[in-house]
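Asker:
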Amino acid sequence: MSADGDGQPMLDQRVGALAEAVAARTPAPGAGAVTGLAAVLAAALAAMVARFSADDAAAAECDRLRRRLEPLGDEDAAAYEAYLAAIRLPRDDVHRSTRVVDTLSAATDVPMHLVELAAEVAAHAARLARDGNPRLRGDA
């Protein structure tokens, strides 16, 4: 599922189209999807700095984090849309309560995972800013 519902993964969209989708009067993509994209780009920058700093281990780890982060923007949008669908079920639907609880749990799990991975990226970036190529501190 894509952040804008057209079936195309968020990272495969043109930046302008993604910005339009974020700006649209729709519940998703929202902050979680945008945060996921920012974290992906932060991991990519940290990997670049690591490569220019001849720190192959950090570059590999930042690449690994980037790959783990890449699907989370779309997953966040999908989880939130599933939650919205659950709360829109008729109140007399016997499965409504269970669906709301389950989808709310999923909708909070994705951003929590994103934050955990983003914190790892930030730690690598901080170390690279301190110890890496001094010309690339701003990129770290």
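Under the working numbering, the first residue of the sequence shown is numbered 5, with each subsequent residue one higher. Ideal placement from N, C-alpha and C gives every residue a C-beta, glycine not left out.
1) From M59 to H99, what distance separates their C-alpha atoms?
2) Among the candidates L22, M14, V44, whose CA atom is the shortest distance from the CA of A123?
3) Straight-line CA distance for P33 to P13?
4) Considering only the beta carbon of each residue, do A42 and C66 sit closer than 8 Å?
5) Kindly list the residues whose CB is nearer than 6 Å to the CB of G9, restricted to its own chain and excluding five residues on each side of it in sequence; keep chain order.
6) Can you grab the Cα-Cα spacing for the pair R29 / L118, in whole Å?
7) Secondary structure at A144, three-state DSSP: helix, strand or coil?
8) Looking only at C-alpha atoms, which of A47, T39, F56, A37 sits nearest to P138?
9) Out of curiosity, what's the CA-to-CA distance linking R95 and L88?
10) Go through its chain and collect everything with a Cβ distance to A144's Cβ below 8 Å, but skip five positions before and after it.
Answerer: A quick look at the data gives this:
1) Reading the sequence shown from its first residue, position 55 is the one you call residue 59. Reading the sequence shown from its first residue, position 95 is the one you call residue 99. Here residue 59 is Asp; the residue named in the question, Met, does not match the sequence. One alpha carbon belongs to D59, the other to H99, and they sit about 52 Å apart.
2) As a first step, residue 123 must be located in the sequence shown, where it is residue number 119. Residue V44 is the option with its Cα nearest to A123.
3) As a first step, residue 33 is located in the sequence shown; it is residue number 29 there, counting from the start. As a first step, residue 13 is located in the sequence shown; it is residue number 9 there, counting from the start. Near 11 Å, if we compare the C-alpha coordinates of P13 and P33.
4) Mapped onto the sequence shown, residue 42 falls at position 38. Mapped onto the sequence shown, residue 66 falls at position 62. Annotated as distal: A42 and C66, with beta-carbon spacing of 8 Å or more.
5) Position 5 of the sequence shown, counted from the first residue, corresponds to residue 9. Because the pLDDT at G9 is just 49, under 50, the model does not fix this residue reliably, and the value given afterwards should be weighed accordingly. Same-chain partners within the cutoff: there are none.
6) Counted from its first residue, the sequence shown places residue 29 at position 25. Counted from its first residue, the sequence shown places residue 118 at position 114. Near 24 Å, if we compare the C-alpha coordinates of L118 and R29.
7) As a first step, residue 144 is located in the sequence shown; it is residue number 140 there, counting from the start. A144 sits in coil when the DSSP states are folded into three classes, being neither helix nor strand.
8) For this step, residue 138 is matched to residue 134 along the sequence shown. The residue with the shortest Cα to Cα distance from P138 is F56.
9) If you number the sequence shown from 1, residue 95 lands on position 91. If you number the sequence shown from 1, residue 88 lands on position 84. Roughly 14 Å separates the two Cα atoms.
10) Looking up residue 144 in the sequence shown gives position 140. So the list reads L49, A50, V53, A129, A130, L132, A133, G136, once near-sequence residues are dropped.
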